[in-house]
Structures are given as C-alpha cells and as structure tokens.
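> The sequence shown begins at 704 in the numbering used here and counts up one residue at a time.
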Amino acid sequence: MNLELASATLPTLLTDCVLVGHARKADVVFTPRQWFAMCTHMRNENPANFFLIPYLKDGQAKYSKAFKADVEKRMRWAWDTITGKAKSPASIAFYPTNADRKSRWAGMDFDAHDGDFMRPRDLALKAFQIFYRQPDLFIALTTSAGDPQHTGWHLFIFSRDFHPCEDSTRLLKQVADHIGAQIAPGQCEIFPDEFRGMGKPLRAAGTWNPKTGDCGLIVHETLTQSDLLPLHCDGDKESNALYMLGEPRGKGKASSPSSQVFRGARGEWARKFAITAPNTRHKQLVKLIGTAFFQVSRAVARKNAELQHLEATPNPNATLQEHFDEFDEAWSGMDREWKAKLSPAEREKLESLTTENEYDSFRILKSWSQTSEPDFKIHCESLRERLGISVKGASKLRRRFCALGILRPTAPYVPHKLCARYQWIVSAELKRKQQEGCTASR
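(1) Within this structure, are the beta carbons of P823 and A815 separated by less than 8 Å?
(2) Touch check for the region 1114 to 1125 and the region 1087 to 1100: three-plus C-beta pairs under 8 Å?
(3) Assuming R1103 is part of the alpha helix (DSSP H), what are its boundary residues?
(4) Which of helix, strand or coil does DSSP assign to N1060?
(5) Is G1174 buried or exposed, if buried means 16 or more other CB atoms sit within 10 Å of its CB?
(6) Would you report the Cα separation of E1014 and R1102, rounded to the nearest angstrom?
(7) Pull up the distance between the alpha-carbon of G938 and that of A751, whole angstroms please.
(8) On the three-state DSSP scale, how would you describe L991?
(9) Around the Cβ of H1119, are there at least 16 other Cβ atoms within 10 angstroms (buried) or fewer (exposed)?
(10) Mark A887 as exposed unless 16 or more other C-beta atoms lie within 10 angstroms of its C-beta, in which case mark it buried.
(11) Can the beta-carbon of W856 be found closer than 8 Å to that of A827?
(12) Within 10 Å of its beta-carbon, does S1075 have 16 or more other beta-carbons around it, so buried, or fewer, so exposed?
(13) Between Q998, I882, H1012, V1003, which lies nearest to I978 when the distance is taken from Cα to Cα?
(14) Please report the distance separating the alpha-carbon of P960 from that of F753.
(15) What is the residue span of the beta strand (DSSP E) that A809 lies within?
(16) Give me the residue from I795, R727, V732 with the minimum Cα distance to L755.
(17) Between which residues of its own chain and S1064 is the CB-CB distance below 6 Å, once the five residues before and five after are set aside?
(18) Tell me the DSSP secondary structure of Q1011 in three-state form.
(19) Where does I833 sit, in a helix, a strand or coil, going by DSSP?
(20) Quick one: residues in its chain with C-beta nearer than 6 Å to the C-beta of A973, no 5 flanking neighbours on either side, listed in chain order?
(21) Output the distance between the C-alpha atoms of K914 and T1058, rounded to the nearest integer angstrom.
(22) At the level of alpha carbons, what is the spacing between M778 and D1078?
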C-alpha cells in the first residue's frame, strides 16, 4: 500500500456520525484477545523490553524506558488496570519504529494544555474523518483521559504491513496541514515524528493516564470489524500475548526461541553502555563489543548495538547503518585477534564446525572454561539466551561438542540444585589422537 492521500479523499464533512458522548472504556469495546492483539501489533516486532512505562511517583507522572520489564507482563497489568482488577495502576506505551525504521501503526496526539478543549476535539474529528475513508487503514479514536469533554485526544492508524517511518511521518504532516493543526508540543504531536533515534512512544488505546489518574476512552474504532486483530491471535502460545490469558503450555513441547535480547545477566548492558552524552557513541560501542564478544553470539551482540543506537539520548549524528558498519569492523578485528590466540588443536576443532551457532558457542564456552576449577558449569538456559535460540537447541549444541571431543561431562545435572558440569578437553583429545596415530604407524 502506498501511504498517499489523493485530494478526493480529503472531505470537509463527516457522513458517518461519531457521538463523543458515547465514549466507552476499552474493555467494553475490545475483548481481551483483541486488545492484546492490538498491543502486539503496536510492538512492531521489537524486543520484549522495548517499550515505555508510564507511572506515578510522589504525585507526579513519570515515564521510564523498560530495561528488565517484560512486555507481556506489563500488558497484562495495564489490562487489569483498565478492568479495575489491578491493586496499583499501570500503563504501557509503544514506539512507532523498529530496527528497520519501519512501523505498522502511526498516531496523532491532540492536546489541550491551554485549557481549550474544543480545539483538540475538533482537530481529532477532522483527522479521523480523513483516515476513516482510507480502505487500507484501520483506526481508533480515543480520549487521552476519562472525561470526553475535558481531555486531549489520540488517533491511532493501523496498517497490515510495515511501512518506512518517513512515509508515515509525511502522511501525518499532510493531514495536519489539511486540518490546520500546528505540529508542536502541547498542540499536535505525531508518531512517528522526524526523529533520528527511536522517537516518542504513545500509550496504547484506553490505557491509564498517570497525569489524570483514569483511563482513556474509545470513541470510535474500525479494528474489531477488520481482519487485522485476529492475525496476531495465532501461532506459538509462548510468543504472543494470548499465553497470558491462562492458556496452558503444551506438554513436552520444545521451548521456542526467546523474543527477548540478552543484555547482560541482569540487563545491565542497557545502562552500562548507554549513549547519554554527545560524541560518546563510538566509545560506548567499542566498550559494548569488548564485553559482548566473549559472552554472546554475534547476532545478539549486533542486536545490542542496534538497541544502543535506538535508545541513545541525545540522538547520535551517525546513522544506524553507520553504527552497524563500525560494529562489523570492530567485531571482525576482535575475531581475528581471538583466533590467533587459539592453540593449533582449538583452531582445528573450530574449523570443523559448520554453523554460526556452533562457532559462537565455541567462543562462549571457551570463555566460560577459563576458571581455576578443573571443570565448569553449562546452563542450557543461559546458553540459550546468549545465542538467541531455544533451550532444545542449546542442549543439542552441548551434546554435539561432547561428540566432537571439545567437551567432556564431569558432573550430571541435579534438578533444582546443580547445573551439569563439563571439562574443556579439545587440546588433550587431539593430542591423544595424534599419539594413537603415531603408535599405529609403527
């Protein structure tokens, strides 16, 4: 779909009646499945900790990036707040972008910070009537708070597919210009805007507003009449929000690859290597690589670098692609230095490996083996996180390394008590085979 508006699609009168007084809470409009599916759509396939947390502290509304919080748990808490079941209120906001600078939703926020509540209402209705006539778009017109007469307004625009953020921004600017809305804080804000980083997030439709203490209301929506929401109600239960609704895990089913990105054992990489000052991007990237090289796969490290750039404050001058280019160069340099320090036996084993996961595992497990103990523990869950694969896949790699003579098991796994332990035997194993060959030749 091309995100363009023809002049014929810019009406001046709304033929479909929208009654502001009929605004309703989200749980009256959406089923839990539909609301969670909408939030999943707004995630833009970002990591499970890539969202914003609105909250209240000392009577003041606060907003914090999620570092260790999990999106599905936060979505459930936000829904419980809407339905009145939460012991304390919670909300959630999503970013209109992803690593590819694309999004499948956009939004407009019409505020009334000057007390003129008629202006944002009229502008929101005018924008609504334009998007309402676009057959490939689905919309939700909501209030920012619980009082439809004294509130700001949010307009959500959803598409089935991802579109470049700059296309969405241009579309929103066209609409704002047509309805006479000035794009400025406190008047009209657009999502995505002309940002270089990850841009500003927007609270999910109908969620709790920490500034007013109540939930936004749904005035009109076309989502429940579309085929958009059911698209995200299928698939692996552990990879979508429906799992939170009480559906049981499948018995004996292998774990699916994690939707979260490993960012340190306690998520500390997000803070330790954050870009928080001008002209520090390259320095922080090099520090991140220096730490991640021995702990995670190249793909997971690159995803950390991506998030590092997206979360930077202030926004870096370098583009994300330039950031990636520097990552690739630095990572390759470290890889060359690391391989040069391997023993001949280790290099021979490394060259016999056939997949990226095996290569990355070799590097990680060798690092883990550098202890004063004769053996070391290998926890499949930890290896899974660092490789970005399933637990089953991590276990399979561990067995393969034993079969290849890289590892030797020394102590079995004791449920809920002890991890399985292994010895790094690659050098000793190759030496033994060489000795056996010499004996046979005699």
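No residue lacks a Cβ here, since even glycine has one placed at the ideal position from N, Cα and C.
Judging by the given coordinates:
(1) Locating residue 823 in the sequence shown gives position 120, where the first residue counts as 1. Locating residue 815 in the sequence shown gives position 112, where the first residue counts as 1. Yes, these two residues count as a Cβ contact at 8 Å.
(2) no
(3) As a first step, residue 1103 must be located in the sequence shown, where it is residue number 400. Taken as a continuous stretch (DSSP letters only), the alpha helix (DSSP H) holding R1103 covers 1094 to 1106.
(4) Looking up residue 1060 in the sequence shown gives position 357. The answer is helix: DSSP assigns N1060 an H, G or I state.
(5) Only positions 704 to 1145 of the chain appear in the structure, and residue 1174 is not among them; the question remains open.
(6) Position 311 of the sequence shown, counted from the first residue, corresponds to residue 1014. Position 399 of the sequence shown, counted from the first residue, corresponds to residue 1102. Each residue's Cα considered, the two are about 38 Å apart.
(7) Position 235 of the sequence shown, counted from the start, is the residue given in the question as residue 938. Position 48 of the sequence shown, counted from the start, is the residue given in the question as residue 751. With a pLDDT of only 38 at G938, under 50, the local geometry of the prediction cannot be trusted, and the value read off the model is given with reservation. Between G938 and A751, the C-alpha separation is close to 17 Å.
(8) Translated into positions along the sequence shown, residue 991 becomes position 288. Three-state DSSP puts L991 in a helix.
(9) In the sequence shown, counting from the first residue as 1, residue 1119 sits at position 416. H1119 should be labelled exposed.
(10) As a first step, residue 887 is located in the sequence shown; it is residue number 184 there, counting from the start. Counting Cβ neighbours within 10 Å, A887 comes out exposed, since fewer than 16 surround it.
(11) As a working mapping, residue 856 is identified with position 153 in the sequence shown. As a working mapping, residue 827 is identified with position 124 in the sequence shown. Against a cut-off of 8 Å, the Cβ pair of A827 and W856 comes out as a contact.
(12) Mapped onto the sequence shown, residue 1075 falls at position 372. Under this definition S1075 is an exposed residue.
(13) By one-based count along the sequence shown, residue 978 stands at place 275. I978 has its Cα closest to that of H1012, out of Q998, I882, H1012, V1003.
(14) The residue labelled residue 960 in the question sits at position 257 within the sequence shown. The residue labelled residue 753 in the question sits at position 50 within the sequence shown. Unreliable placement is indicated for P960, whose pLDDT of 34 sits below 50; no coordinate value is reported for it.
(15) As a first step, residue 809 must be located in the sequence shown, where it is residue number 106. A809 -> beta strand (DSSP E) spans 805 to 813.
(16) The residue given as residue 755 occupies position 52 in the sequence shown. Checking every option, the nearest Cα to that of L755 belongs to I795.
(17) Position 361 of the sequence shown, counted from the start, is the residue given in the question as residue 1064. So the list reads L1100, once near-sequence residues are dropped.
(18) Position 308 of the sequence shown, counted from the first residue, corresponds to residue 1011. Helix.
(19) The sequence position of residue 833 within the sequence shown is 130, counting from 1. It is helical.
(20) Position 270 of the sequence shown, counting from 1, holds the residue named residue 973. Excluding sequence neighbours, A973 sits near F770, R966.
(21) What you label residue 914 is simply residue 211 of the sequence shown in a count that begins at 1. What you label residue 1058 is simply residue 355 of the sequence shown in a count that begins at 1. Looking at the two C-alpha atoms, the distance is approximately 51 Å.
(22) Start at 1 with the first residue of the sequence shown, and residue 778 comes out as number 75. Start at 1 with the first residue of the sequence shown, and residue 1078 comes out as number 375. Going from the Cα of M778 to the Cα of D1078 covers about 42 Å.
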